[in-house]
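Going by numbering that gives the first Met the number 0, the first residue of the sequence shown is number 0, and it counts up by one from there.
A virtual CB, placed ideally from N, CA and C, is assigned to each residue, including glycine.
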Amino acid sequence: MRDREVVASIVAGDPAGLAEAYDKYASVLYSYSKTFLREPADAADVVHDTFVIAAGNLDRLRDPERLRPWLYAVTRNLCLRKLRAEKAVAA
């Protein structure tokens, strides 16, 4: 399934679309998250949160062919938010 079809499926509320996106991108997003975060559990949480955000916000994605970079951007932002929160607690 192409990203455009995955996005349309998710926006339509079809759980198969979200499952397809997860199967296609979760592993690489987890690896990407681990480059930011020390704890594997934190990286897993970020990936989970990325797909929760995707489920609720993909209707705003202007170009459905850009699903992959959009997911990476969401993941990066969540990682940076987590790092900032950890830094604030440590201070």
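Proximal residues to residue i (C-beta, below 8 Å), its chain only, five neighbours per side dropped
{"i": "P39", "result": "K33"}
{"i": "T49", "result": "L28, L70, V73, T74, L77"}
{"i": "E19", "result": "M0, V5, S8"}
Same chain, Cβ closer than 7 Å to residue i, neighbours up to 5 away in sequence not counted
{"i": "V6", "result": "L57, L60, P63, L66"}
Where residue i falls, given that 16 or more other Cβ within 10 Å makes a residue buried
{"i": "L70", "result": "buried"}
Top-ranked residue by Cα proximity to residue i, from the options
{"i": "S30", "options": "A43, V10, I52, A20", "result": "A43"}
{"i": "A54", "options": "P68, A87, P14", "result": "P14"}
{"i": "L82", "options": "Y21, F35, V46, H47", "result": "F35"}
Close-in-space but distant-in-sequence residues of the same chain around residue i (CB under 6 Å, 5 per side omitted)
{"i": "L17", "result": "I9, A54"}
8 Å contact criterion, which residue i and residue j should meet: CB distance rounded
{"i": "V46", "j": "A25", "result": "6 Å"}
Which runs of the alpha helix (DSSP H) spanning at least 4 residues fall entirely within the segment 18–52, listed in chain order? none
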